[in-house]
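Quick note on numbering: the working numbering labels position 96 of the sequence shown as 112, and the sequence is numbered without any gaps.
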Amino acid sequence: MSYNVTIRDIQQVTHDVKRFKVDKPEGFEFIPGQATEVAIDKPDWREEKRPFTFTSLNGEPDLEFVIKIYDDHNGVTHKLDSLNVGDQLIIDDPWGTIQYKGPGIFLAGGAGVTPFIAILRRLAREEKIEGNQLIFSNKTEKDIILKDEFEAMLGDDFINVITDEPTDEHIYLDGFIDKSFLEEQIDDFDQPFYVCGPMPFNEAMIEYLKELGAEPDALVFEE
């Protein structure tokens, strides 16, 4: 089923990431971590659907999306960047396999962190976030999405990996957290692992985790 929703608020999150809040259809619910197909309700764009994750929670009056804008081609996010409050989007019913299975390690690459936002926000609100850790890989410090919020929620359990600029953190010039890093940072591979990022990131993380002893059933990722 499709729903027309109106943009209520737009905020800049980082230099290339925006937060869109839209009105929520009556009775619309989702599980934190799920996504929907989104299209822009304008001529020539209504059939151009793209998946975006809900970053709000069910109890909130609006739906929220945190979206990275890609200006290198005239695609959906480039068009989203030109929209204003009052413009309309078209969304579908929720879908997705990323759901919380218990305390574990969240591994995110860039905008792949978005499925984890609602999950961690709900855990923080319910005071159940203890025992979870977010390892977040970005090219530069300015690319870190919701850095202050993650630090407030997770404290020392929020670990940033910066790949393309000098830093005191671990640096991996190929943009990937590698197997030795995971082995150094994680002392228990008998727990859930939540993985989301670009496809090469996902494939590498899943392979490393399996090699280090993680159970395949404990790996949560978008299939």
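We put the beta carbon where it would ideally sit given N, CA and C, even for glycine.
- Per the coordinates, the alpha-carbon of Phe-81 lies some 5 Å from the alpha-carbon of Thr-71.
- DSSP, read as helix, strand or coil, puts Arg-62 in coil.
- Inter-residue distance for Thr-52 and Val-21 is about 13 Å (C-alpha atoms, whole angstroms).
- For the options Gln-149, Trp-111 and Glu-167, the alpha carbon positioned closest to that of Gly-118 is the one of Gln-149.
- It is roughly 33 Å from the alpha-carbon of Phe-46 to the alpha-carbon of Asp-194.
- Exposed is the label assigned to Ala-168, since fewer than 16 other Cβ atoms lie within 10 Å of its Cβ.
- In the three-state reduction of the DSSP assignment, Pro-48 falls in the coil class, being assigned neither a helical nor a strand state.
- With contact defined as three or more Cβ pairs closer than 8 Å, the stretch 55-65 and the stretch 82-89 are not in contact.
- About 11 Å separates the CB atoms of Arg-141 and Pro-48; that is not less than 8 Å, and the two are not in contact.
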